[in-house]
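Novice:
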Amino acid sequence: MSAGAPEISVVVPVFNEEASLGELHERVSKALEGERWELVLVNDGSADRSEEILRQLAEAHPEVVAVELSRNFGQHPAVLAGFSVARGDYVVTLDADLQNPPEEIPRIVAELRDGHDAVGSVRSRRQDPWLRKQVSGLVNRVTTASLGIGMTDYGCMLRGYSRELTHEIVELAERSAFIPALATMLARNAVEIDVEHVEREEGSSKYSPLRLMRLGFDLITGFSLLPIQMVSLTGVAIAILGVGFAAFLMLRRIIVGPEVEGVFTLFAILFAFIGVLMLAVGIVGEYVGRIYAEVRRRPVYRIREVVAPGRDDPDA
Ligand code: UDP
Ligand code: MG
């Protein structure tokens, strides 16, 4: 490793964030003044002027590395791509929208220097729309309960990792790797700290409630078999109820005689079971889909170009 190699890599996924990139670079520079650092900006197939701005930043500032992906892959794949390019001993991830202030980076780095290999963060005073917070809260709770991974705030991406850990994560890269969960699972010495969170000033969130739910479902099915086991348990419970119901009907036929009314009650019960059945098929489908995506072995991300005129050895 050359003397000029950075110690700290800040990895930022960028998807249509033209309005905040300049300020992002400025504030990261200021926060890391006096350190050996690099800023890896991964353009995740933005349709706005992000690419142009990233190129300009990389041309103008030796510590900026612009990574162009071939299309939009999603936030986590973009971060993985950033990990594969980052050279620092410590890798900090951050969102491009400045909701987590870059001024917190030194605190993350301090924990990493203390020997923690994964530094998580909790948005103590989270500034997001109410509905968004409710959905995230639900995802956080369900995930913690089903995964048993001790993490308070899965959505907060202001996090730090040791280089070893990021390499392990890239190697493990699954189709829908949820990086914080993967990292906490692999980490040997993880820690969480409180961080600031502010409202998004520029652009808009790239996550609709639906997309968020999908991410949550992805997270849960990606790390546990609990949903599928719940389905089996529900199936067993319903089967027992069904047998009980049949026994009841038989007794009734002997004692009261055959029933004719109550046909619609039966329909109602049937519909409820059909609903459960469809849910079950859906959950099984989710796992089959994941297996399919995994066996196709398509790359999780594809780097089209790395623009880093400031790097002495671009291939390192
Ligand atoms: N992002 C990305 N690809 C996507 C969606 C989002 O790289 O397909 C980036 C986005 O530019 C931002 C980060 O991921 O830097 C988090 O996105 P956003 O702020 O929209 O999510 P939220 O803060 O609402 O969770
Ligand atoms: Mg955001």
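Last residue of the sequence shown: 886 (our numbering), numbering continuous. All residues carry an ideal CB built from backbone N, CA and C; glycine is no exception.
Beta carbon of Gln669: closer than 6 Å to some heavy atom of the ligand MG?
Specialist: Locating residue 669 in the sequence shown gives position 99, where the first residue counts as 1. Yes, since a heavy atom of the ligand MG falls inside the 6 Å radius drawn around the Cβ of Gln669.
Novice: With DSSP collapsed to three states, give me the class of Thr663.
Specialist: Numbered from 1 along the sequence shown, position 93 holds the residue referred to as residue 663. Thr663: strand per DSSP, three-state reduction.
Novice: Using only alpha-carbon positions, find the residue among Asp788, Leu756 and Glu769 that is nearest to Gly859.
Specialist: Sequence index remark: in the sequence shown, residue 859 carries index 289 (1-based). Residue Asp788 is the option with its Cα nearest to Gly859.
Novice: Relative to the alpha-carbon of Asp882, which residue among Glu608, His595, Arg641 and Glu673 has its alpha-carbon at the smallest distance?
Specialist: Locating residue 882 in the sequence shown gives position 312, counting from the first residue. Of Glu608, His595, Arg641 and Glu673, the residue nearest in Cα terms is Glu608.
Novice: Any chance the CB of Asp614 is under 6 Å from a heavy atom of the ligand MG?
Specialist: Mapped onto the sequence shown, residue 614 falls at position 44. For the ligand MG, not one heavy atom lies less than 6 Å from the Cβ of Asp614.
Novice: Which whole runs of the beta strand (DSSP E) in the segment 706-768 are 3 residues long or more, in chain order?
Specialist: Runs of the beta strand (DSSP E) inside the segment 706-768: 729-732 and 760-765.
Novice: In whole angstroms, what separates the C-alpha of Glu673 from that of Val598?
Specialist: Here the question's residue 673 lines up with position 103 in the sequence shown. Here the question's residue 598 lines up with position 28 in the sequence shown. When rounded, the distance between both Cα atoms is 7 Å.
Novice: With a CB to CB cut of under 7 Å and the five nearest residues on each side skipped, what residues in its chain are close to Asn586?
Specialist: For the purposes of this step, residue 586 is identified with residue 16 of the sequence shown, where counting begins at 1. Contacts found: Ser616, Ala617, Asp618, Ser620 and Gly773.
Novice: Using a threshold of 6 Å, is the CB atom of Asp723 nearer than that to any non-hydrogen atom of the ligand MG?
Specialist: Translated into positions along the sequence shown, residue 723 becomes position 153. Checking the Cβ of Asp723 against the ligand MG gives no.
Novice: Using 8 Å as the Cβ pair cut-off and three pairs as the minimum, do the segment 863-882 and the segment 821-840 touch?
Specialist: no
Novice: Under a three-way DSSP split, which group does Glu596 fall into?
Specialist: Here residue 596 is taken as the residue at index 26 of the sequence shown, counted from 1. Judged by DSSP in its simplified three-state form, Glu596 adopts helix.
Novice: Taking only three categories from DSSP, how would you classify Pro671?
Specialist: One-based indexing of the sequence shown puts residue 671 at position 101. Look at Pro671 here: in three-state DSSP terms it is coil, with no helix or strand label.
Novice: Using 10 angstroms around the beta-carbon of Met721, count the other beta-carbons present and answer buried if the total reaches 16, otherwise exposed.
Specialist: For the purposes of this step, residue 721 is taken as the residue at position 151 of the sequence shown. It is buried - the Cβ of Met721 has at least 16 other Cβ atoms within 10 Å.
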